[in-house]
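For reference, the structure is listed below as structure tokens.
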Amino acid sequence: MKVEQISIFLENKAGRLAEVTRVLGEGGINIRALSLADTSDFGILRLIVNNHEKAKQVLKEHGFTVGRTEVVAVEVEDRPGGLNRILQILSQADINVEYMYAFVQQSGQNAVLIFRFDDSDAAIAVLRREGVNVIDGTRLYAM
Amino acid sequence: MIYNEEFETMPREALEAIQVRRLQATAARVYNTVPFYRKRFDEVGVKPDQIRTLDDLRKLPFTYKDDLRDNYPFGMFAVPMDNVVRIHASSGTTGKPTVVGYTARDVQTWAELMARTLMAAGATKNDIVHNAYGYGLFTGGLGFHYGAEKLGASVIPISGGNTRRQVMIMKDFGPTILTCTPSYALHMAEVAEEMGVSFHDLKFKAGVFGAEPWTEQMRQEIERKLNLKAMDIYGLSEVIGPGVSVECIEAQNGLHVFEDHFIPEIIDPKTEEVLPYGTPGELVFTTITKEAFPVIRYRTRDISILHPEPCRCGRTMVRMGRVQGRSDDMLIIRGVNVFPSQIESIIMETKGVEPHYQLVIDRVASLDQLTVLVEVNERLFSDEIKNLQVMGRTLEKNIRETLGVAAEVKLVEPKTIQRSEGKAVRVVDKRKL
Chain A
91 MKVEQISIFL ENKAGRLAEV TRVLGEGGIN IRALSLADTS DFGILRLIVN NHEKAKQVLK
151 EHGFTVGRTE VVAVEVEDRP GGLNRILQIL SQADINVEYM YAFVQQSGQN AVLIFRFDDS
211 DAAIAVLRRE GVNVIDGTRL YAM
Chain B
10 MIYNEEFETM PREALEAIQV RRLQATAARV YNTVPFYRKR FDEVGVKPDQ IRTLDDLRKL
70 PFTYKDDLRD NYPFGMFAVP MDNVVRIHAS SGTTGKPTVV GYTARDVQTW AELMARTLMA
130 AGATKNDIVH NAYGYGLFTG GLGFHYGAEK LGASVIPISG GNTRRQVMIM KDFGPTILTC
190 TPSYALHMAE VAEEMGVSFH DLKFKAGVFG AEPWTEQMRQ EIERKLNLKA MDIYGLSEVI
250 GPGVSVECIE AQNGLHVFED HFIPEIIDPK TEEVLPYGTP GELVFTTITK EAFPVIRYRT
310 RDISILHPEP CRCGRTMVRM GRVQGRSDDM LIIRGVNVFP SQIESIIMET KGVEPHYQLV
370 IDRVASLDQL TVLVEVNERL FSDEIKNLQV MGRTLEKNIR ETLGVAAEVK LVEPKTIQRS
430 EGKAVRVVDK RKL
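Chains as they are written, first to last, in this note's numbering: chain A, 91 to 233; chain B, 10 to 442.
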């Protein structure tokens, strides 16, 4: 039920982000969602792509440091209070969110959010128990 | 295994008797054949016949790198040029190189010492030596080459550079002994990994690494990544080249100095006072068999320590500790002595990985600022900002606590720090003093 995310270490220098998108573009890789976290010196680019193995390979060939993390894609009702409901469930189960960002595509009428938890398995179990739809990796990459 | 059992395991009294005799002969010869030494001896009022015991060595004047430069190129040679069969030179970072010469017998002596060195590292005539030290004016390449041949091993004279080709040859020729600088060894491991070649599938059993300072942590990294036993070797062209001292594979604990050819001393670099065994200080060497280019009490600027305790390998020769830094490369940052190798150790100890790092020192508003650039590889990387920030702060804290100097740690992308296939560029000093 988990989704593969790749993350890339970037120095805060002009052109580095463009270099990543160039390498991915030339490798025929489609970016499905992204988030960029930054500090004054460096940033971490996190990506969900249609082919993470290939993406990792082409980025490494171009000298980037690439990490792989399992994240969780959660369907959220696209209405006021939709996200709050999910966060309440997690909060009551004492599950901490490390970071989160939105997926570009909708799943039917619902929005899709990508969550990074300390304990993904526990989070998935709690969410599913409460009837929240967790999207499988293979389905997500193809969306 | 020991190449020259008679000399390498000689009882100390017998060894010291030989040293005195050879020292007396060397002192007399340089006094009579090299005008520079005659002048120096006369200035301090010492005559060669006043050398009666080993302690009398202290009466002799020191020789400095500047002396070699002042007598460039051949002024320090103690034999006529028609007896010189080889010339080497060490890269001078400023100005002219340091030039040294060898007679035919010097070349033989050197080959014998390098055969001893290779055998101390576990090599025999059945081994294939992949020699990636540079061939040319630098003594590393030819020094190992002659030693390997003297031992009867097969030597691949690959020299430095063209790393992908080196990896291919390692795969195809199956060398068992690797000789190169430690930073190049790690570079080869990186390139091999990029090529999908594992050192665990190669046949190396041991390596002899030197010509630049390295650390115990770096040894562990090399041994793990290259799947071999890594021995430290020490030498400098002014003394003979590689083959002044080497670690034995039995103990890997200190480098046996070939004392039947060189007498080591440790001195305080400031007061020039001789320090007792076990006290760190600057290494000083006197050659006692060299013909073309003898040196008397040569100041190496290398910081080390001498241990007289017997070694379990059976050699009786004194052991020197790993070189801890240079008394002239020593950085003084806000009044604190800092050796780049200390920072390397801290990074290794903190993160357990071999770092690619560089120290940048600048003076901002009349205050020294030390910035340590560390390349983020996959083992250091995390997808969470806070983990990387904690790592940087931990390194800063450990540097501050160990060295007593504040440093800013900056994480940079892989391969952004300048690499060289020979020696690594570890320090950029931007201070205008």
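Heads up, the beta-carbon is just placed ideally off N, CA and C, and yes, glycines get one too. If you're wondering where the values come from, they're calculated on a predicted model, not measured in any experiment.
Roughly how many angstroms separate the alpha carbons of B:Met-227 and B:Ser-354, rounded to a whole number?
Along the second sequence, one-based indexing puts residue 227 of chain B at 218. Along the second sequence, one-based indexing puts residue 354 of chain B at 345. One C-alpha to the other measures close to 8 Å.
Within chain A, partners of B:Leu-420 - CB distance below 7 Å
As a working note, residue 420 of chain B is residue 411 in the second sequence. Neighbours of B:Leu-420 on chain A, chain order: Asp-131, Phe-132.
In chain A, which residues lie with their C-beta within 7 Å of the C-beta of B:Ile-394?
Counted from its first residue, the second sequence places residue 394 of chain B at position 385. Ordered by position in chain A, the residues that pass the 7 Å Cβ test against B:Ile-394 are Ala-127, Thr-129, Ile-134.
Nearest to A:Val-194 by CA position, among A:Arg-122, A:Ala-108, A:Arg-112, A:Thr-111, is which residue?
Taking the first sequence and counting its residues from 1, one reaches residue 194 of chain A at position 104. Minimum Cα distance to A:Val-194 is reached at A:Arg-122.
Sort B:Lys-419, B:Ile-394, B:Ile-272 by Cα distance to B:Gln-28 and report the nearest one.
Taking the second sequence and counting its residues from 1, one reaches residue 28 of chain B at position 19. Minimum Cα distance to B:Gln-28 is reached at B:Ile-272.
Whole angstroms are fine: how far does the CA of A:Asn-186 sit from the CA of A:Asn-141?
As a position in the first sequence, residue 141 of chain A is number 51, starting the count at 1. As a position in the first sequence, residue 186 of chain A is number 96, starting the count at 1. Cα-Cα distance, rounded: 28 Å.
If you measure between the beta carbons of B:Val-53 and B:Tyr-46, is that distance less than 8 Å?
Residue mapping note: residue 53 of chain B aligns to position 44 of the second sequence, counting from 1. Residue mapping note: residue 46 of chain B aligns to position 37 of the second sequence, counting from 1. Not in contact: B:Val-53 and B:Tyr-46 (Cβ atoms no closer than 8 Å).
Determine which residues of the segment 166-193 of chain A have a Cβ less than 7 Å from any Cβ of chain B, and write them out in chain order.
If the cut-off is 7 Å between Cβ atoms, the segment 166-193 of chain A has Glu-188 near chain B.
Collapsed DSSP secondary structure at B:Ser-391 in the structure displayed:
The sequence position of residue 391 of chain B within the second sequence is 382, counting from 1. Here B:Ser-391 sits in coil by DSSP.
Could you please give the first and the last residue of the uninterrupted alpha helix (DSSP H) stretch that includes A:His-152?
Within the first sequence, numbered from 1, the residue matching residue 152 of chain A stands at position 62. Element bounds for A:His-152: n/a, residue is neither H nor E.
Distance check for A:Phe-99 and A:Val-113, CA to CA, integer angstroms please.
Within the first sequence, residue 113 of chain A is the residue found at index 23, counting from 1. Within the first sequence, residue 99 of chain A is the residue found at index 9, counting from 1. Rounded to the nearest whole angstrom, the C-alpha separation of A:Val-113 and A:Phe-99 is 15 Å.
Give every residue of the same chain whose Cβ lies closer than 6 Å to the Cβ of A:Arg-175, excluding the five residues on either side of it in the sequence, and list them in chain order.
Here the question's residue 175 of chain A lines up with position 85 in the first sequence. Around A:Arg-175: no qualifying Cβ.
Helix, strand or coil for B:Thr-35? Go by DSSP, reduced to three states.
Looking up residue 35 of chain B in the second sequence gives position 26. B:Thr-35: helix per DSSP, three-state reduction.
As assigned by DSSP and simplified to three states, the class of B:Ile-352:
As a working mapping, residue 352 of chain B is identified with position 343 in the second sequence. Helix at B:Ile-352.
Are B:Val-248 and B:Tyr-307 close, meaning C-beta to C-beta below 8 Å?
For the purposes of this step, residue 248 of chain B is taken as residue 239 along the second sequence, with counting starting at 1. For the purposes of this step, residue 307 of chain B is taken as residue 298 along the second sequence, with counting starting at 1. Result yes, Cβ atoms of B:Val-248 and B:Tyr-307 sit closer than 8 Å.
On the criterion of 16 or more Cβ atoms from any shown chain inside 10 Å, does B:Ile-341 qualify as buried, or is it exposed?
As a position in the second sequence, residue 341 of chain B is number 332, starting the count at 1. Here B:Ile-341 is exposed, its C-beta having fewer than 16 other C-beta atoms within 10 Å.
Leaving out five residues before and five after B:Pro-500 in sequence, what residues of the same chain have Cβ atoms less than 8 Å from its Cβ?
Chain B is shown only over 10 to 442; residue 500 of chain B falls outside these bounds and no answer can be derived.
Tell me which same chain residues have a C-beta within less than 8 Å of the C-beta of A:Ile-119, skipping the five on either side of it?
In the first sequence, residue 119 of chain A corresponds to position 29, counting from 1. Excluding five sequence positions before and after A:Ile-119, the CB atoms of its chain that fall closer than 8 Å to its own CB belong to Val-139, Asn-140, Asn-141, Lys-144, Ala-145, Val-148, given in chain order.
Between B:Thr-102 and chain A, is the shortest Cβ-Cβ distance under 8 Å, so that the two count as touching?
Counting from 1 along the second sequence, the entry for residue 102 of chain B is found at position 93. Because the pLDDT of B:Thr-102 is 45, which lies under 50, any placement of that residue in the model is unreliable, and the number read from its coordinates should be weighed accordingly. Chain A contact via Cβ: absent.
What whole-angstrom Cβ distance do B:Val-332 and B:Asp-311 have, given they're in contact under 8 Å?
Along the second sequence, one-based indexing puts residue 332 of chain B at 323. Along the second sequence, one-based indexing puts residue 311 of chain B at 302. Contact flag correct, Cβ pair sits at about 5 Å.
Assuming the contact rule is C-beta atoms closer than 8 Å, A:Ala-212 and A:Val-166 should be a hit. Round their C-beta distance to whole Å, please.
For the purposes of this step, residue 212 of chain A is identified with residue 122 of the first sequence, where counting begins at 1. For the purposes of this step, residue 166 of chain A is identified with residue 76 of the first sequence, where counting begins at 1. Going by Cβ atoms, the distance from A:Ala-212 to A:Val-166 rounds to 19 Å, so no, they are not a contact pair.
Interface residues of chain A around B:Glu-199 at Cβ under 7 Å?
Your numbering for residue 199 of chain B matches position 190 in the second sequence. Residues of chain A passing the Cβ test: none, with the nearest at roughly 11 Å.
Report the partner residues of B:His-365 according to the DSSP bridge assignment.
Against the second sequence, residue 365 of chain B aligns to sequence position 356. Paired residue(s): none; B:His-365 is not in a bridge.
B:Glu-225, buried or exposed, once every other Cβ within 10 Å from all chains shown has been counted against 16
By one-based count along the second sequence, residue 225 of chain B stands at place 216. Answer is exposed; the Cβ neighbour count stays below 16.
Check distances from the C-beta atoms of the segment 205-217 of chain B to those of chain A and list, in chain order, the residues that come in under 9 Å.
none
Ignore the nearest five residues each way along the sequence and tell me which others in B:Thr-42's own chain have a CB closer than 8 Å to its CB.
Stepping through the second sequence from its first residue, residue 42 of chain B is reached at position 33. Once the five neighbours on either side are set aside, the close Cβ partners of B:Thr-42 are Ala-87, Val-88.
So is B:Gly-287 buried or exposed if we call it buried at 16+ other beta carbons inside 10 Å?
Walking along the second sequence from the start, residue 287 of chain B turns up at place 278. Exposed, since its Cβ has fewer than 16 Cβ neighbours within 10 Å.
I need the DSSP call for B:Gly-263, collapsed to helix, strand or coil.
What you label residue 263 of chain B is simply residue 254 of the second sequence in a count that begins at 1. Of the three classes helix, strand and coil, the one that applies to B:Gly-263 here is coil, per DSSP.
Listed from N- to C-terminal order along the chain, which residues in the segment 357-389 of chain B have their beta-carbon within a distance smaller than 7 Å of any beta-carbon of chain A?
Hits within the stretch, in order: Val-385, Asn-386, Glu-387.
In angstroms, rounded to a whole number, what distance separates the CA positions of A:Val-162 and A:Gln-196?
If you number the first sequence from 1, residue 162 of chain A lands on position 72. If you number the first sequence from 1, residue 196 of chain A lands on position 106. About 15 Å.
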